[in-house]
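Trainee: To start, I am sharing the structure in question, which I have written as structure tokens.
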DNA sequence: CCTACCGATCGGTAGG
DNA sequence: CCTACCGATCGGTAGG
């Protein structure tokens with residue numbers, strides 16, 4: 091049953107995945123034809139079908155390789171920081187540097203939602219969930235006191251910060267200019283939002299306004 | 091130049107839009123055929139083309155009528171509240187009740203991003219932007235002191251809260267159970283995140299943990 | 001991995 | 001002469 095993969099065959103497979111990836115990002119799944127993919131990777135249609143049993147299996151292969159959620163979590167978990175403040179900012183920076191800020195960064199997720207009704211999230215969940223848990227643990231392990239927020243909600247809101255930043259970038263950034271301090275400002279708002287009052291750092295994010 | 095629209099014709103047009111909307115939500119744009127749409131609304135293909143010059147114009151008509159961003163903003167702007175706390179929670183509640191919590195709530199936006207490369211956002215922006223500005227003004231007009239956050243960033247993060255909540259709902263809610271206090275917890279985190287320390291309300295969102 | 005095709009269906013339009 | 005639509009079919013392309 092073990093499939094013997096020749097170097098040449100594996101190379102073709104990778105080229106198909108790469109070609110499909112760039113086409114899916116640009117046009118979505120249904121608007122991308124097998125002919126588009128085969129032309130871009132230099133194979134014939136028949137050649138493509140020696141590596142994949144169907145069009146959807148090409149998409150799942152692309153998803154395995156390029157899913158932004160799978161790509162970004164390990165990079166984020168390498169973040170360093172002695173305080174929660176430093177840790178969250180480093181996580182955010184790694185998130186953006188790991189994904190880039192192109193408009194199509196999240197497109198594979200959108201394709202999955204719109205063109206597959208989220209069918210493949212079932213497979214994705216067990217891969218992403220442990221990484222998300224580890225991220226939450228990194229956060230709650232810090233010394234600064236976090237407000238009483240149910241752990242699932244804390245995790246979900248932390249995860250949501252990712253979408254908040256990227257979605258508003260996709261929709262707003264072509265019309266409104268945002269400089270590169272915006273990400274840090276987003277993180278500051280979240281940080282202030284989850285910390286107990288007495289543990290809010292004073293060195294960051296603007297001076298307090300004392301006139302009530 | 092003024093087009094005279096008969097009741098019957100306008101009715102057919104609305105039925106096409108409605109049929110297309112439900113099909114686009116389920117399968118996306120390219121996977122939905124004119125035939126699918128015409129069958130669902132009870133017209134022939136030719137009949138559909140008396141109302142629209144092409145398939146894409148059906149999509150833009152659907153977008154005008156059902157765009158979640160356009161639908162939700164006016165509902166949110168009716169929010170009431172004497173404090174920022176009360177105002178934001180009412181805004182959030184109206185947001186969810188105005189859109190519902192189906193998995194496909196944001197699908198029109200995703201279709202736009204993935205299948206049209208965001209082309210139609212250009213037309214959407216002038217419609218949504220003033221409403222977003224008004225929302226920000228409602229927030230900053232309150233008495234409670236908001237931290238020194240650049241106004242565009244405040245607006246973007248407020249807008250982002252919307253995506254944070256819905257995207258994480260789409261991805262997580264089928265696997266993890268979240269009760270209906272989650273939305274309020276999200277708003278609380280944001281509220282704590284933008285308020286000055288001395289103006290943080292103490293009656294809401296968990297008691298302070300005083301042991302440092 | 002290619003050439004040569006299949007059943008079916010695509011978006012769009014003809015005359016009436 | 002208008003609108004709203006019909007049955008039939010156009011040239012091309014889809015996944016396989």
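Chains as they are written, first to last, in this note's numbering: chain A, 91 to 302; chain B, 91 to 302. Ideal placement from N, C-alpha and C gives every residue a C-beta, glycine not left out.
1. Apart from the five residues just before and just after residue 197(B), which ones in its own chain have a Cβ nearer than 6 Å to its Cβ?
2. Please list the residues of the region 220–236 of chain A that have a C-beta atom closer than 7 Å to any C-beta atom in chain B, keeping them in chain order.
3. Pair every Cβ in the region 234–254 of chain A with every Cβ in the region 242–253 of chain B, then say whether three or more of these pairs are closer than 8 Å.
4. Between residue 194(A) and the rest of its own chain, which residues show a CB-CB distance below 6 Å, the 5 nearest in sequence each way excluded?
5. Shortest alpha-carbon distance to residue 160(B) belongs to which of 273(B), 187(B), 246(B) and 215(B)?
6. Which residue from 242(A), 255(A) and 109(A) puts its Cα closest to that of residue 273(A)?
7. Using a threshold of 8 Å, state whether the C-beta atoms of residue 200(A) and residue 162(B) are closer than that.
8. Leaving out five residues before and five after residue 64(A) in sequence, what residues of the same chain have Cβ atoms less than 6 Å from its Cβ?
9. Residues of chain B with a CB under 7 Å from the CB of residue 201(A): which are they?
10. Can you tell me which of the three DSSP states residue 94(A) falls into?
11. Sort out for me which residues DSSP pairs residue 236(B) with in a bridge.
12. Between residue 170(A) and the rest of its own chain, which residues show a CB-CB distance below 8 Å, the 5 nearest in sequence each way excluded?
13. Excluding five sequence neighbours on each side, which residues of the same chain lie with their C-beta closer than 6 Å to the C-beta of residue 189(B)?
14. At which residues does the alpha helix (DSSP H) containing residue 125(A) begin and terminate?
15. When Cβ atoms are compared, which residues of the region 161–192 of chain B fall closer than 8 Å to chain A?
16. How would you list, in chain order, the residues of chain A whose beta-carbon sits under 7 Å from the beta-carbon of residue 123(B)?
17. Determine the direct distance from the alpha carbon of residue 222(B) to that of residue 210(B), and round the result to whole angstroms.
18. Between which two residues does the alpha helix (DSSP H) harbouring residue 143(A) extend?
19. Under a CB-based cut-off of 8 Å, is residue 262(B) close to chain A?
20. What are the residues in the region 234–257 of chain A lying within 9 Å of chain B by C-beta distance?
21. If you drop the 5 nearest sequence neighbours on each side, which residues of the same chain put their C-beta closer than 6 Å to that of residue 148(B)?
22. Let's test the definition: count the other Cβ atoms within 10 Å of the Cβ of residue 265(A) and tell me whether it reaches 16, buried, or not, exposed.
23. Counting only C-beta atoms, is residue 120(A) closer than 8 Å to chain B at any point?
24. Going straight from the alpha carbon of residue 101(A) to that of residue 129(B), what length do you get?
25. Measuring only the C-alpha atoms, how far is residue 302(A) from residue 146(B)?
26. Using the rule of at least 16 other Cβ atoms within 10 Å of the residue's Cβ for burial, across every protein chain shown, is residue 117(B) buried or exposed?
27. If you measure beta-carbon to beta-carbon, which residues of the region 136–160 of chain B are closer than 9 Å to chain A?
Mentor: Considering the structure as presented:
1. Numbered from 1 along the second chain, position 107 holds the residue referred to as residue 197(B). For residue 197(B), where only same-chain residues beyond five positions count, the Cβ hits under 6 Å are 115.
2. Within the region 220–236 of chain A, those residues whose Cβ lies closer than 7 Å to any Cβ of chain B are, in chain order, 235.
3. Contact between the region 234–254 of chain A and the region 242–253 of chain B is present: three or more C-beta pairs spanning the two stretches fall below 8 Å.
4. Within the first chain, residue 194(A) is the residue found at index 104, counting from 1. Within the same chain, residue 194(A) has close Cβ partners 115.
5. In the second chain, counting from the first residue as 1, residue 160(B) sits at position 70. Of the residues 273(B), 187(B), 246(B) and 215(B), the one whose Cα lies closest to the Cα of residue 160(B) is 215(B).
6. The residue labelled residue 273(A) in the question sits at position 183 within the first chain. Minimum Cα-Cα distance from residue 273(A) among the listed residues 242(A), 255(A) and 109(A) corresponds to 255(A).
7. Counted from its first residue, the first chain places residue 200(A) at position 110. Counted from its first residue, the second chain places residue 162(B) at position 72. If you check the CB distance, residue 200(A) and residue 162(B) do not come in under 8 Å.
8. Residue 64(A) lies beyond the residue range present for chain A, which begins at 91 and ends at 302; the question has no answer from this structure.
9. Here residue 201(A) corresponds to residue number 111 of the first chain, with the count starting at 1. Annotation: Cβ neighbours of residue 201(A) in chain B (cutoff 7 Å, chain order): 204.
10. Looking up residue 94(A) in the first chain gives position 4. In this prediction, residue 94(A) has a pLDDT of 39, which is less than 50 and means its spatial position is unreliable; what the coordinates show is noted afterwards. The three-state reading of DSSP puts residue 94(A) in coil, since its state is none of H, G, I, E or B.
11. The residue given as residue 236(B) occupies position 146 in the second chain. Beta-bridge pairing links residue 236(B) to 285(B).
12. For the purposes of this step, residue 170(A) is identified with residue 80 of the first chain, where counting begins at 1. Around residue 170(A): 176, 177 and 180.
13. For the purposes of this step, residue 189(B) is taken as residue 99 along the second chain, with counting starting at 1. Excluding the 5 residues flanking it on each side, residue 189(B) has same chain C-beta neighbours closer than 6 Å at 158, 162 and 195, in chain order.
14. Looking up residue 125(A) in the first chain gives position 35. First-last of the alpha helix (DSSP H) with residue 125(A): 124–131.
15. Against chain A - using a Cβ distance shorter than 8 Å - the region 161–192 of chain B contributes no residues.
16. Within the second chain, numbered from 1, the residue matching residue 123(B) stands at position 33. Those do not exist, as residue 123(B) stays about 11 Å from chain A at its closest Cβ, beyond 7 Å.
17. Taking the first residue of the second chain as position 1, residue 210(B) is located at position 120. Taking the first residue of the second chain as position 1, residue 222(B) is located at position 132. Taking the straight line from one Cα to the other gives about 18 Å.
18. Here residue 143(A) refers to the residue found at position 53 when the first chain is read from its first residue. For residue 143(A), there is no enclosing alpha helix (DSSP H), as DSSP marks it with neither H nor E.
19. Indexing the second chain from 1 puts residue 262(B) at position 172. By this cut-off, residue 262(B) is an interface position.
20. So the close ones are 235, 236, 237, 238, 239, 240, 242, 243, 244, 245, 246, 247, 249, 250, 251, 252, 253, 254, 255, 256 and 257.
21. What you label residue 148(B) is simply residue 58 of the second chain in a count that begins at 1. Answer for residue 148(B): 110 and 142, listed in chain order.
22. Numbered from 1 along the first chain, position 175 holds the residue referred to as residue 265(A). It is exposed - the Cβ of residue 265(A) has fewer than 16 other Cβ atoms within 10 Å.
23. As a position in the first chain, residue 120(A) is number 30, starting the count at 1. Output row for residue 120(A): interface = yes.
24. Here residue 101(A) refers to the residue found at position 11 when the first chain is read from its first residue. Here residue 129(B) refers to the residue found at position 39 when the second chain is read from its first residue. For the pair residue 101(A) and residue 129(B), the Cα-to-Cα distance works out to about 45 Å.
25. Taking the first chain and counting its residues from 1, one reaches residue 302(A) at position 212. Taking the second chain and counting its residues from 1, one reaches residue 146(B) at position 56. Unreliable positioning characterises residue 302(A) in this predicted model, as indicated by a pLDDT of 31, which lies under 50. A coordinate reading is not provided.
26. In the second chain, residue 117(B) corresponds to position 27, counting from 1. For residue 117(B), the number of other beta carbons within 10 angstroms of its own is at least 16, and it is reported as buried.
27. Result list: 159.
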